[in-house]
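Since the structure comes first, as structure tokens, the remarks are kept for the end.
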Amino acid sequence: MATEQPGSLSLKNGVELQRFAPLANLTTWRVGGTAEWLAEPSNLEEVKQIIDWAFTNKIPCQVLGAGSNLLINDSGINGLSLCMRKLHGSKLDQKTGIVEAVCGEPIPTLARRAARAGLKGLEWAVGIPGTAGGAAVMNAGAQGSCMAEILESVLVMPLNGQDPFEITCDELEYSYRNSLLQKEKLIVLSIRLRLEPGHDCKELNTITNKNLSHRKNTQPYHLPTCGSVFRNPEPLKAGRIIEELGLKGLQIGGAKISTMHGNFIINNGEASAADILSLIALIQEKVLEAHGVLLHPEVKQLGFDSND
Ligand SMILES: Cc1cc2nc3c(=O)[nH]c(=O)nc-3n(C[C@H](O)[C@H](O)[C@H](O)COP(=O)(O)OP(=O)(O)OC[C@H]3O[C@@H](n4cnc5c(N)ncnc54)[C@H](O)[C@@H]3O)c2cc1C
Numbered sequence: 060m061a062t063e064q065p066g067s068l069s070l071k072n073g074v075e076l077q078r079f080a081p082l083a084n085l086t087t088w089r090v091g092g093t094a095e096w097l098a099e100p101s102n103l104e105e106v107k108q109i110i111d112w113a114f115t116n117k118i119p120c121q122v123l124g125a126g127s128n129l130l131i132n133d134s135g136i137n138g139l140s141l142c143m144r145k146l147h148g149s150k151l152d153q154k155t156g157i158v159e160a161v162c163g164e165p166i167p168t169l170a171r172r173a174a175r176a177g178l179k180g181l182e183w184a185v186g187i188p189g190t191a192g193g194a195a196v197m198n199a200g201a202q203g204s205c206m207a208e209i210l211e212s213v214l215v216m217p218l219n220g221q222d223p224f225e226i227t228c229d230e231l232e233y234s235y236r237n238s239l240l241q242k243e244k245l246i247v248l249s250i251r252l253r254l255e256p257g258h259d260c261k262e263l264n265t266i267t268n269k270n271l272s273h274r275k276n277t278q279p280y281h282l283p284t285c286g287s288v289f290r291n292p293e294p295l296k297a298g299r300i301i302e303e304l305g306l307k308g309l310q311i312g313g314a315k316i317s318t319m320h321g322n323f324i325i326n327n328g329e330a331s332a333a334d335i336l337s338l339i340a341l342i343q344e345k346v347l348e349a350h351g352v353l354l355h356p357e358v359k360q361l362g363f364d365s366n367d
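Per our numbering, numbering through the sequence shown is continuous, rising by one, with the last residue being 367.
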């Protein structure tokens, strides 16, 4: 697909759409081709205008957060890639523990702010480099906690530009790294959490800092990855299985299984999405052969269907 000349289109009020824009730098894996159309709105008005434009012109839309759980095809993404990472903002109520965050708010920022406000319940999230919206979609979690435990509701907009509406946590069908939002074509505009008020902020800061150091000591945190590639086939751990099969360090093209953590694939700077996919398939094959278990990728693949 998208090998044509870059360009841009201005909608009314100056909202800009880029044409054939590179996507690799909008993901933490740093791979993938170009977006036929790319929009990075900075407020909710702009989101509405962009969605109306896509719907009117029958252009399919894919939503990106911080791209920390995405594998984008080398041939890029057809239609509109709507990146929400510039939509920042959060409000924390120290008395009630209610936290409201716009979808592009980085989860580590939110975790830090909550700890400083004496609100308990997000200390585990400090090392998850995603956005509030992406974390709600993925039911992001760590250290035995996850979004489903603290989320009250999300405000969503349908991709046909109809009015936003709220969905409560109970309706989101949360399970391990899964939610209704992964099936329904909805844009998460904001999230509402309920944390526990009245805790000692010093203590929360210490726990938060410890969680981040632990992660940096056990994961290749500073390198281009997407975090854990596979869901854990509970009660087993994907990383442990991969390690025990002696697969750490295995490399295809520029994609390499981390020597630090078996469930991480590193882009050594020259990986393509095809390299990563081949390595994923090889790991699946070896694990299936040895354990009869098919590992399922946690990472979302974009641009691989003829529809996107
Ligand atoms: C170093 C590293 C460590 C990680 N550690 C963890 C961990 O401990 N636990 C964990 O659960 N994950 C972890 N991850 C994975 C990732 O950070 C999470 O899945 C995160 O929640 C993804 O958020 P995102 O904003 O980057 O979403 P993206 O990767 O951009 O998108 C993920 C999915 O959500 C959808 N999406 C994103 N934003 C929206 C929106 N506003 N509206 C509708 N759909 C949207 C996308 O279409 C896609 O389907 C890690 C990743 C890295 C790189």
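Glycine included, C-beta positions come from ideal geometry on N, C-alpha and C.
Predicted, not measured: the structure shown is a model, and the values here were computed from it.
message = To the nearest angstrom, how far is the alpha carbon of T284 from that of G186?
response = One-based indexing of the sequence shown puts residue 284 at position 225. One-based indexing of the sequence shown puts residue 186 at position 127. Linking T284 to G186 through their CA atoms gives a straight-line distance of about 13 Å.
ask   = Once you ignore the five residues that flank R175 on each side, which residues in its own chain have a CB closer than 6 Å to its CB?
value = For the purposes of this step, residue 175 is taken as residue 116 along the sequence shown, with counting starting at 1. These residues qualify, in order along the chain: C260.
task = Starting from E344, follow the alpha helix (DSSP H) in both directions and report where the run begins and ends.
result = Counting from 1 along the sequence shown, the entry for residue 344 is found at position 285. E344 -> alpha helix (DSSP H) spans A332 to H350.
task = May I ask you to check if the CB of G124 is nearer than 7 Å to at least one heavy atom of ligand 1?
result = On the sequence shown, residue 124 is found 65 positions in, with the first residue counted as 1. Yes, Cβ of G124 sits closer than 7 Å to a heavy atom of ligand 1.
message = Can you tell me whether P356 is helix, strand or coil according to DSSP?
response = Here residue 356 refers to the residue found at position 297 when the sequence shown is read from its first residue. P356 falls in the strand class under three-state DSSP.
key: Proximity to L130 [Cα-Cα], best of G351, A332, T267 and L354   = Locating residue 130 in the sequence shown gives position 71, counting from the first residue. Considering only alpha carbons, the answer is A332.
query = DSSP state of P167, grouped into three classes?
reply = Residue numbering aside, residue 167 sits at position 108 when the sequence shown is read from its first letter. Helix, per DSSP.
task = Give the DSSP-derived three-state secondary structure of S67 in the structure shown.
result = Along the sequence shown, read from residue 1 onward, the residue named residue 67 stands at position 8. Here S67 sits in strand by DSSP.
ask   = Does the segment 151-163 come within contact of the segment 221-233, defined as at least 3 CB pairs closer than 8 Å?
value = no
message = Beta-carbon within less than 6 Å of I311's beta-carbon, same chain only, minus the 5 sequence neighbours each way: which residues are those?
response = In the sequence shown, the residue the question calls residue 311 occupies position 252. The residues are D334, S337 and L338.
inquiry  = By alpha-carbon positions, which one of G192, L214, L181 and I246 ends up nearest to E397?
reply    = Any answer about residue 397 is impossible in this case: the structure gives the chain only from 60 up to 367.
inquiry  = According to DSSP, A94 sits in a beta bridge with which residue or residues?
reply    = Within the sequence shown, numbered from 1, the residue matching residue 94 stands at position 35. Paired residue(s): A80 and I136.
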